[in-house]
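Be aware that the sequence shown starts at 798, since it is given in the numbering used here, and climbs by one per residue. Quick reminder that beta carbons are idealized off the backbone N, C-alpha and C, glycines included. Small disclaimer: the values here were computed from a predicted structure and weren't measured. First up is the structure itself, then whatever we jot down about it.
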Amino acid sequence: MGASIRWFLSIVVATLLGGCAHPSASDADALSAAVRSRPLVLLGEVHDNPAQHALRARALRDLLNSGARPALLMEQFDRERQADLDRALARTDATPESVIAAATPATAAMQGWSWPLYRPYIALAIAYRLPLVAANVSRNDARRVLTDGLPALGFEPRVPPDIDAAQARAIVESHCGMIDAPQAARMVGAQVARDQFMARLLESHAARGAVLIAGNGHVRRDVGVPRWLSTAARARSISIGLLEPGDPATSAYDVVITTPATPDRPDPCNGLRATRPPPPAAR
798 MGASIRWFLS IVVATLLGGC AHPSASDADA LSAAVRSRPL VLLGEVHDNP
848 AQHALRARAL RDLLNSGARP ALLMEQFDRE RQADLDRALA RTDATPESVI
898 AAATPATAAM QGWSWPLYRP YIALAIAYRL PLVAANVSRN DARRVLTDGL
948 PALGFEPRVP PDIDAAQARA IVESHCGMID APQAARMVGA QVARDQFMAR
998 LLESHAARGA VLIAGNGHVR RDVGVPRWLS TAARARSISI GLLEPGDPAT
1048 SAYDVVITTP ATPDRPDPCN GLRATRPPPP AAR
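This is the structure in structure tokens:
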């Protein structure tokens, strides 16, 4: 690994650690051990939590220092951008910024990711020449699933009832109760499509090993990506939830690391309320 990349990684991890409550050494050691314990690692997150990103970047670096060279699957990139990712990574002057710029559209929706938090993973992929895999289904594909169903994009349409019900509840909760049950039921297909696609990627990279970087909802063993893995792949996988205090889903993962919540996080429900159309005027 070049000196410039080593310098970048040391600076970016120090920045992450400096901007959040410090994770404990025992949490860091536990996460590193868990990541090294199976060839297929499903590594969850609360997307905007710097403490969790610092822990995960350190664990991934430890894994690579042990000699492993897994594929790095990232929810943050849509699958249509895989060729752009590959071209950006193939450049001798590749940087995390150039990869992000090449593989993400300059739209407001894409700016929803806190990209500085994801730079360490991309830097590691560059430094260690890891396959960097776009692991998300785009919004356009998700909309097509909503209108035409899972088979329209080649996904399995038979969704077990427990997954269907749990995903619908999660959608209602994530929308702060502002959508009703029938709306949520129609939206389940998009989440299932993403989970099935991530499972396919894990299967296709199983021989060399893979680390999936995704939200906690995707990596749940009970209703997420692991439910769509083959029996053999599931036996070789580990699901790691990085949760915040008060999260009730501690039993949904093989390993749970709890970190402090992101300080001063705005209430997401306020943002949803602000964009919700007003009710019709009384007549």
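In the DSSP assignment, residue 1010 forms a beta bridge with 840, 871.
For residue 865, the CB contacts under 7 Å within the same chain, skipping 5 residues up- and downstream, are 1006 in chain order. Taking 8 Å as the cut-off, the beta carbon of residue 1039 is found no closer than this to the beta carbon of residue 838.
When only Cα atoms are considered, residue 832 and residue 879 end up about 25 Å apart. In the three-state reduction of the DSSP assignment, residue 1021 falls in the coil class, being assigned neither a helical nor a strand state. Burial state of residue 1013 is buried, judged by a 10 Å Cβ sphere holding 16 or more other Cβ atoms.
Of the candidates 966, 923, 960, 911, the residue whose Cα lies closest to the Cα of residue 993 is 960.
Shown here, residue 1055 sits in a strand according to DSSP, grouped into three states.
Scanning its chain for C-beta atoms nearer than 7 Å, with the 5 sequence neighbours on each side dropped, one finds around residue 1049 the residues 1017, 1018, 1019, 1038, in chain order. Taking C-beta separations shorter than 7 Å and ignoring five residues to either side along the sequence, the partners of residue 863 in its chain run 833, following chain order.
When the five nearest sequence neighbours on each side are left out, no beta carbon in the same chain lies closer than 6 Å to the beta carbon of residue 1004. Excluding its 5 nearest sequence neighbours in each direction, residue 1011 has C-beta neighbours in its own chain below 6 Å: 872, listed in chain order. CA-CA distance, residue 934 to residue 822, rounds to 36 Å. In summary, residue 1029 is exposed, with fewer than 16 beta-carbon neighbours lying within 10 Å of its beta-carbon over all protein chains present. By the Cβ neighbour-count rule, residue 1061 is exposed, with fewer than 16 other Cβ atoms within 10 Å of its own. Close CB contacts of residue 1053 within its chain, under the 7 Å cut and outside five residues either way in sequence, are with 1038, 1040, 1047 (chain order). In the DSSP secondary-structure assignment, residue 931 is bridged to 871. The region 944-961 makes contact with the region 977-997, as at least three CB pairs between them are under 8 Å. Between residue 868 and residue 927, the gap from beta carbon to beta carbon is short of 8 Å. Leaving aside the five residues that flank residue 1000 on each side, the residues in its chain whose CB is nearer than 6 Å to its CB run, in chain order, 1030.
Separation of the CB atoms of residue 896 and residue 882 is rounded to 7 Å, and the pair is thereby assigned contact status at 8 Å.
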